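Residues in the sequence shown are numbered consecutively from 159, following our numbering.
Okay, so here's the structure we're looking at.
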Amino acid sequence: MKEKKRILIIEDDPSFISFLKENLKDKYLLAVAKNGSIGIKKALSNHFDIILLDIILEGIDGFTVCQNLKANPITNKVPILILSSQENIQSILKGFDSGASDYLHKPFHPQELHKRIEVHLKMNDLNNQLTKQASVNIKKKLEFSQFITNLAHELRSPLNSIIGFSEILNDPEIEAEDRQGFLRHINQGGHNLLRLLNDLIDYSKIEAETLNLHYSQIDIEKELKDLAQHTNDELLKNGVLQKNIIFKSQERKEKLFIHSDIVRILQIITNFIDNAIKFSRDTDIILAYEINKYQLKIYVQDFGIGMTKEELDSLFFVGSSQSGMIKLKEAGKGLGLAISNKLAHLLNGKISVESQEGKGSTFSLSIPLVIDSEKDFTETTSPQTYKWSDKLLLIAEDMMVNFLFYQALLKKTGVKIIHAKNGEEVLDLLIDYKPDLILMDMVMPKMDGLEATLCVRKLHPEIPIIAQSSVNSYEDKETIYRAGCNDIISKPIKPQILLSKINRFFE
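In structure tokens:
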């Protein structure tokens, strides 16, 4: 639910204070100051969204209070609505000259007061949004400018390779073996140049919010194993014999298929590997992954030069100062990591780094673990008995008959259940409870499951969510996953499939 706006009333008339409280208490949080000095102190020490100010006060008058508040950077953005019995034009003009946003003559109708407050709150919210957006735009402009500067620096290396070796090849006396080596360098320079151009396109799409993810079924074990093999083949082809990518496989009885964008995952991991190759000694590099009930973690570990704390702090910076660019370049991670970091966020994941100077670095990508589909669960003739008496399950379902079905199905498991009939109730329950899992219906009144999931992810990214939905289209499922759900169960619900999915998060 939306948090109530806060109003400070600076007024010394007890009967008028009572009138304001009676008419505003249901919609707003109210605080009262009975003179100007107390009003200024309260306004400076607490956050208020709007101030209602009388002119005639004990001690300093309302005009002076208004001037003081508008002169202070803490309160100068808070709208001030003067409520006064003085209706002469001089007082009205003096009020506006003092910095007031509006002037309302006593007595007035409560509905007029409500409307004026609503208008000024909306205007203030819009101004705040515009201010924030302006700040974001300035930051993005600086970042993009720095990105182009970094790109220009990185373009020089492959261009130098291509142009330099091309000119050398004009010499007819070059031996055949050297000629082949120079051609390999030109070819590698071309590939590096293409990678940088692709980085530029991706960065532009991310900033314009036009980069689309394409989710599909992924055999993550096979994909990472193939990536390691392909990288080793490329190293061998380029004459790098001292370095090797060691893929650490997971021992699993069955293949695990997850649902994500494999192209972007491999783009991030390839960037990790490229940096590890570039900055490691002549030692093996480890590629591995870990799975827990909520998360897939893929990591690349090298035993190279490592990084200082200062280099770590500026690692993903594409920022606003020349020194920041130099640190990024010296850390040796270039543009790819900045883009990888943005891609990780699009995947609802994050990148983390551990490093010791002189000992090496480990780069990790963590993303929500989403089992691809219900075909990974088989319904057996004799359902397994689950014991979840130590677990708390929040079921968000507006249809009582459906909730009663879940309740009956789960009764023997001993799981504790709390019930929300819509998304707003989910958020209310999360104030007092921290469930081990949320079973979230996507279609509910007031606030639907998709919006509720987005809100939950901001407050509690660690709580797993299973969406219950009747959607079957690829686009709808992708929307649900991108909102932050860890899994989907399709309606009509098959009991054993639901139990199996819940058990995966309760194990």
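Backbone N, C-alpha and C fix where the C-beta goes; we use that ideal spot for every residue, glycine too.
A quick note: this is a predicted structure, and the numbers were derived from the prediction, not measured.
Distance check for residue j and residue i, CA to CA, integer angstroms please.
{"i": "L527", "j": "P268", "result": "53 Å"}
{"i": "A191", "j": "G253", "result": "19 Å"}
{"i": "P115", "j": "L300", "result": "With the chain covering 159 to 665 only, the question about residue 115 has no answer from this structure."}
{"i": "D447", "j": "L454", "result": "In the sequence as displayed, the identity of residue 447 is Tyr instead of Asp. Approximately 7 Å between the Cα atoms of the pair."}
{"i": "L284", "j": "T637", "result": "28 Å"}
{"i": "E532", "j": "T428", "result": "Confidence in E532 is poor, its pLDDT being 46 and thus under 50, which makes the residue's placement unreliable; the coordinate value appears in the next sentence. So the two alpha carbons sit approximately 30 Å from each other."}
{"i": "S498", "j": "I321", "result": "29 Å"}
{"i": "I426", "j": "G607", "result": "30 Å"}
{"i": "F437", "j": "V398", "result": "14 Å"}
{"i": "E392", "j": "D360", "result": "24 Å"}
{"i": "I416", "j": "V458", "result": "20 Å"}
{"i": "L552", "j": "N644", "result": "15 Å"}
{"i": "K406", "j": "E365", "result": "35 Å"}
{"i": "A201", "j": "E245", "result": "26 Å"}
{"i": "A502", "j": "I378", "result": "16 Å"}
{"i": "K649", "j": "N433", "result": "46 Å"}
{"i": "L227", "j": "G217", "result": "16 Å"}
{"i": "M371", "j": "D419", "result": "Per the sequence presented here, residue 371 reads as Leu, with Met not at that position. Their backbone Cα atoms lie some 6 Å apart in a straight line."}
{"i": "G507", "j": "K264", "result": "56 Å"}
{"i": "L657", "j": "G518", "result": "43 Å"}
{"i": "L588", "j": "S243", "result": "47 Å"}
{"i": "K298", "j": "N356", "result": "19 Å"}
{"i": "N286", "j": "K235", "result": "9 Å"}
{"i": "K395", "j": "Q387", "result": "12 Å"}
{"i": "K383", "j": "I444", "result": "12 Å"}
{"i": "T520", "j": "S303", "result": "29 Å"}
{"i": "D494", "j": "L612", "result": "Before going on, a small fix: residue 494 reads as Gly here, not Asp. Distance between the alpha carbons of G494 and L612: 28 Å."}
Within its chain, find whatever has a CB closer than 6 Å to the CB of residue i; leave out the 5 residues flanking it on each side and keep chain order.
{"i": "N661", "result": "Y544"}
{"i": "Q150", "result": "Given a span of 159 to 665 for the chain in the structure shown, any question on residue 150 remains unanswerable."}
{"i": "R353", "result": "none"}
{"i": "A625", "result": "M598, M600, I638, C643, I646"}
{"i": "V584", "result": "A554, A578, A610"}
{"i": "N282", "result": "P237"}
{"i": "H343", "result": "S319, F323"}
{"i": "S540", "result": "Confidence at S540 is low in this model, with a pLDDT of 41, below 50, so its placement is unreliable and no value can be given for it."}
Keeping to the same chain, check which residues put their C-beta closer than 7 Å to that of residue i; ignore five residues upstream and five downstream.
{"i": "N580", "result": "D556, M602, P603, K604, M605"}
{"i": "S179", "result": "With the sequence shown as reference, residue 179 is identified as Lys, and Ser is not the correct amino acid for it. If we look at K179 and ignore the five residues flanking it on each side, its Cβ neighbours are L188."}
{"i": "Y373", "result": "H417, S418, D419, E636, Y639"}
Helix, strand or coil: which one does DSSP assign to residue i?
{"i": "R164", "result": "strand"}
{"i": "E378", "result": "Inspection of the sequence shows that residue 378 is occupied by Ile rather than by Glu. Three-state DSSP puts I378 in a helix."}
{"i": "I651", "result": "coil"}
{"i": "P526", "result": "strand"}
{"i": "L241", "result": "strand"}
{"i": "E270", "result": "helix"}
{"i": "E512", "result": "strand"}
{"i": "T233", "result": "coil"}
{"i": "K485", "result": "For K485, the predicted model reports a pLDDT of 38, less than 50, meaning its position is unreliable; a value from the coordinates is still stated below. Helix, per DSSP."}
{"i": "Q453", "result": "strand"}
{"i": "V458", "result": "strand"}
{"i": "F206", "result": "coil"}
{"i": "E365", "result": "helix"}
{"i": "D260", "result": "strand"}
{"i": "D599", "result": "strand"}
{"i": "D645", "result": "strand"}
{"i": "S176", "result": "helix"}
{"i": "F448", "result": "The sequence shown places Glu at residue 448, rather than the Phe named in the question. Strand at E448."}
{"i": "H417", "result": "strand"}
{"i": "Q225", "result": "helix"}
{"i": "E213", "result": "In the sequence on display, residue 213 carries Ile and not Glu. Of the three classes helix, strand and coil, the one that applies to I213 here is coil, per DSSP."}
{"i": "H372", "result": "coil"}
{"i": "S498", "result": "helix"}
{"i": "I403", "result": "strand"}
{"i": "K517", "result": "coil"}
{"i": "H577", "result": "strand"}
CB-CB under 8 Å to residue i, same chain, minus the five flanking residues each way: which ones, in chain order?
{"i": "R279", "result": "What sits at residue 279 in the sequence shown is Leu, not Arg. Once the five neighbours on either side are set aside, the close Cβ partners of L279 are K163, D207, I208, P237."}
{"i": "F563", "result": "I651"}
{"i": "V223", "result": "I168, G194, G197, I198, L211, L215"}
{"i": "N390", "result": "N402, I403"}
{"i": "F221", "result": "I213, K252, G253, S256"}
So residue i packs on residue j, CB below 8 Å; how close in whole Å?
{"i": "I431", "j": "I403", "result": "7 Å"}
{"i": "R274", "j": "L262", "result": "6 Å"}
{"i": "S504", "j": "L369", "result": "Per the sequence shown, the amino acid found at residue 504 is Leu instead of Ser. Correct: roughly 7 Å between the Cβ atoms."}
{"i": "L239", "j": "D219", "result": "The pair is not a contact, with the Cβ atoms about 16 Å apart (cut-off 8 Å)."}
Hey, would you say the C-beta of residue i is under 7 Å away from at least one heavy atom of the ligand HEM?
{"i": "D260", "result": "Absent from the structure shown: the ligand HEM. Ligands present: none."}
When you compare the CB of residue i with every CB in chain C, is at least one pair closer than 8 Å?
{"i": "I596", "result": "Going by chain labels, chain C is absent from the structure shown, which holds only one protein chain."}
- request: For the segment 561-576 and the segment 517-525, state whether three or more C-beta atom pairs, one from each stretch, are separated by less than 8 Å.
  value: no
- prompt: Touching or not, the segment 453-470 and the segment 503-516, by the rule of three or more beta carbon pairs under 8 Å?
  reply: yes
- request: Specify whether the segment 298-315 and the segment 327-344 touch according to this definition: at least 3 beta carbon pairs, one from each stretch, less than 8 Å apart.
  value: In short, these stretches do not touch, since the Cβ pair count stays below three.
field: Segment contact, 8 Å Cβ cut-off, at least three pairs: the segment 612-620 with the segment 570-578
entry: no
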